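Read through the structure below, which is laid out as structure tokens, and then see the notes.
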Amino acid sequence: MGAVSQEPEGRPDLRIGPAFRRARSDAADAFLASLLPPGIPGIALAAVGGYGRQELSPGSDLDVVLLHDAALGAEAVAEIAEKIWYPVWDSGAKLDHSVRTVDQARELAQADLAVAAGLLDARLVAGDAELVAGIRALVFADWRREPTRRLGDLRREYAARLERHGELAYRLEGDLKEARGGLRDSTMLRFISASWLVDVPHGAPERAREFLLDVRDALHGVSGRALDRLLLQEQDAVAAVLREAGLLAGAGPAEQVAVYGPGTADPRTPEAQSPQAQTPDPQSPELYSSDADLLLRRVAEAAGTIAYAAEAAWRQVDAALVARAPGPPVRRPL
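In structure tokens, the structure reads:
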């Protein structure tokens with residue numbers, strides 16, 4: 021992440037965990053805020069997407085929107101933008117940026133699912149807080165006003181990701197972000213919840229998400245690239261970093277994120293403790309020939325937790341939409 025990384029130049033960033041992801045975001049905030057000229061009303065810099073959620077891994081892009089009042093002239097806005105973008109590029113950080121009025125941002129969000137999703141996580145970095153609060157309020161209101169259309173778009177994207185990337189739990193080199201049960205599905209749960217149509221599972225899927233983010237941190241750090249696919253040649257190094265951080269020791273994250281689906285016995289019940297039910301504990305590290313094997317097991321368990329939560333959420337959405345659908349007219353006696 022160039023100048024926003026807190027590691028010395030040339031040294032891999034192997035810091036793992038939510039505190040370090042927040043620290044990277046805080047460093048990026050401070051850097052970007054220093055570039056926005058002070059004292060100019062009607063302009064704000066907002067972080068969106070993963071940066072808005074303060075989930076920066078070592079190789080993450082900085083996704084930002086420069087929001088401005090329509091009254092500011094195009095030349096003035098362009099001059100301000102250049103004072104921000106060029107130093108960021110010079111630092112070596114990867115930047116995904118746009119410049120919009122609030123009305124333009126809202127219009128794009130209504131037409132483009134990716135834009136809407138990014139703005140649902142918008143967060144003020146510097147400048148006019150009312151602009152950022154305003155676009156968030158508008159995008160949330162629009163999202164909740166049309167749950168059938170927006171959740172339909174979201175579900176089609178969900179199905180397309182499965183077609184392209186398969187299921188993370190069953191891939192030897194799965195995509196931590198795009199595959200079924202990955203980070204994108206976990207973020208999708210937030211957007212389903214934002215519709216106010218249904219609630220979604222929280223605790224276990226959120227812990228599973230944190231583990232996948234930790235794996236991605238390690239993958240970016242050891243590879244020196246913004247990888248989302250857990251390539252075979254990187255798995256030993258990723259597993260070593262996670263073990264050093266204490267994330268592959270003991271019972272591991274699988275026990276923390278377990279979700280028992282229909283037809284699956286909860287291993288804490290007396291029936292599961294009977295002699296007939298005793299089998300080798302799949303959580304035991306001794307069952308695996310290498311830390312890389314154990315890593316894949318943990319990733320599969322986390323992905324399974326998220327995938328199960330996603331399917332459960334979509335079943336609730338289906339039921340809620342049926343309940344909201346207008347029924348046939350009721351015939352009353354004259």
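Counting from 21, one number per residue, gives the positions in the sequence shown under my numbering.
Glycine included, each C-beta is placed from N, C-alpha and C at the ideal position.
From a predicted model like this one, the values you see are computed outputs, not experimental measurements.
- Counting of Cβ neighbours within 10 angstroms places THR168 among the exposed residues, the total staying below 16.
- Residue state for GLU198 is assigned as coil, using DSSP reduced to three classes.
- Look at HIS88 here: in three-state DSSP terms it is strand.
- Assignment of beta strand (DSSP E) within the stretch 101-125, counting only whole runs of 3 or more residues, yields 115-121 in chain order.
- Per DSSP, the continuous beta strand (DSSP E) segment holding VAL145 begins and ends at 143-147.
- Counting only the Cα atoms, ASP234 lies some 35 Å from ILE63.
- Per the DSSP secondary-structure output, ASP83 pairs in a beta bridge with ASP116.
- With a beta-carbon spacing of about 5 Å, VAL68 and ASP83 fall inside the 8 Å limit used to define contacts.
- For LEU65, no alpha helix (DSSP H) run applies; the uninterrupted beta strand (DSSP E) run containing it begins and ends at 63-67, by DSSP.
- With respect to the C-alpha of ARG165, the residue from PRO225, GLY72, LEU217, ILE100 having the closest C-alpha is LEU217.
- Beta-bridge pairing by DSSP links ARG229 to no other residue.
- Here LEU239 really is in contact with LEU247; their C-beta atoms are around 5 Å apart, less than 8 Å.
- Remark: C-beta atoms of ASP311 and LEU268 approach each other more closely than 8 Å.
- The DSSP-derived three-state label of GLU331 is helix.
- Boundaries of the alpha helix (DSSP H) harbouring TYR178: 167-185, taken from the DSSP string.
- With contact defined as three or more Cβ pairs closer than 8 Å, the stretch 128-143 and the stretch 51-58 are not in contact.
- By the beta-carbon neighbour count (other beta carbons within 10 angstroms, threshold 16), LEU174 is buried.
- Rounded to whole angstroms, the Cβ separation of GLY202 and ALA323 is 6 Å, and the two are in contact under 8 Å.
- In the same chain as PRO38, and ignoring 5 residues on each side of it, the C-beta atoms closer than 7 Å to its own belong to GLU230, in chain order.
- Judged by their CB atoms, LEU87 and ALA125 are nearer to each other than the 8 Å cut-off.
- One thing to note: VAL337 has its Cβ within 8 Å of the Cβ of LEU171.
- Secondary structure at ARG318: helix, using DSSP grouped into helix, strand and coil.
- Check the Cα spacing between ARG191 and each of ALA153, ALA320, ALA157, SER111: the tightest is with ALA320.
- Inclusion of LEU56 and GLY147 in the CB contact set at 8 Å is warranted, their separation being smaller than that value.
- Per DSSP, reduced to three states, the secondary structure at ARG249 is strand.
- Beyond the five residues adjoining it in sequence on each side, TYR71 comes within less than 6 Å, by CB distance, of LEU82, ASP83 in the same chain, given in chain order.
- Assigned with DSSP and collapsed to three states, ASP237 falls in helix.
- Between LEU262 and LEU315 the beta-carbon gap is near 7 Å, inside 8 Å, which marks them as a contact.
- Here DSSP, grouped into helix, strand and coil, assigns VAL242 to helix.
- Burial state of PRO58 is exposed, judged by a 10 Å Cβ sphere holding fewer than 16 other Cβ atoms.
- Cβ neighbours of HIS185 within its own chain (closer than 6 Å, five residues either side excluded): ASP195, GLU198, ALA199.
- Cα atoms of ILE326 and GLU187: separation of roughly 11 Å, rounded to the nearest angstrom.
- Annotation for LEU151: ALA64, LEU87, VAL122 place their beta carbon closer than 7 Å to its own, counting only its chain and skipping 5 residues before and after.
- If you ignore the 5 residues before and after ALA189, its C-beta comes within less than 6 Å of the C-beta of GLY201, ALA320, ALA323, GLY324, all in its own chain and listed in chain order.
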